[in-house]
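K.L.:
Heads up, the sequence shown is in my numbering, so the first residue is 21 and it goes up one at a time. Beta carbons: idealized from backbone N, C-alpha and C, even for Gly. Keep in mind that this is a model prediction, so the values were computed, not measured.
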Amino acid sequence: MNRKEVPGHDWPSEIIKARLHMAGLSFRSLSIEAGYSKDSLKSVLRTPCRPYQQIIADALGVSPEEIWPSRYQAKSYIRKAS
21 MNRKEVPGHD WPSEIIKARL HMAGLSFRSL SIEAGYSKDS LKSVLRTPCR
71 PYQQIIADAL GVSPEEIWPS RYQAKSYIRK AS
């Protein structure tokens, strides 16, 4: 973890891209390998998608919760207006 990867905060997209690049991977190569269209996994940077998040995390050797903690926080009780 470097200084930009603050525990409890989502990794910046630049860090995710850089870590993939350092591993010799890209969103495109992972998308194709997983059987998705070539640019599918890029959307995970702005839109939560657990299957895509898992693919990226597996490629980086970390858990999705480590990369996107805000997307995995415990759900709190929200009272609906009646």
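1) In whole angstroms, what separates the C-alpha of M42 from that of I36?
2) Taking the alpha carbon of R70 as the reference point, which residue from E53, K58, P89 has its own alpha carbon closest?
3) If I'm right that A79 touches L45 with Cβ under 8 Å, what's the distance once you round it to whole angstroms?
4) Would DSSP call P68 helix, strand or coil?
P.N.:
The structure says:
1) In the sequence shown, the residue the question calls residue 42 occupies position 22. In the sequence shown, the residue the question calls residue 36 occupies position 16. Their backbone Cα atoms lie some 10 Å apart in a straight line.
2) Within the sequence shown, residue 70 is the residue found at index 50, counting from 1. Taking R70 as reference, the option from E53, K58, P89 with the minimal CA-CA separation is P89.
3) Start at 1 with the first residue of the sequence shown, and residue 79 comes out as number 59. Start at 1 with the first residue of the sequence shown, and residue 45 comes out as number 25. Rounded, the Cβ-Cβ distance is 5 Å, consistent with contact.
4) Position 48 of the sequence shown, counted from the first residue, corresponds to residue 68. P68 falls in the coil class under three-state DSSP.
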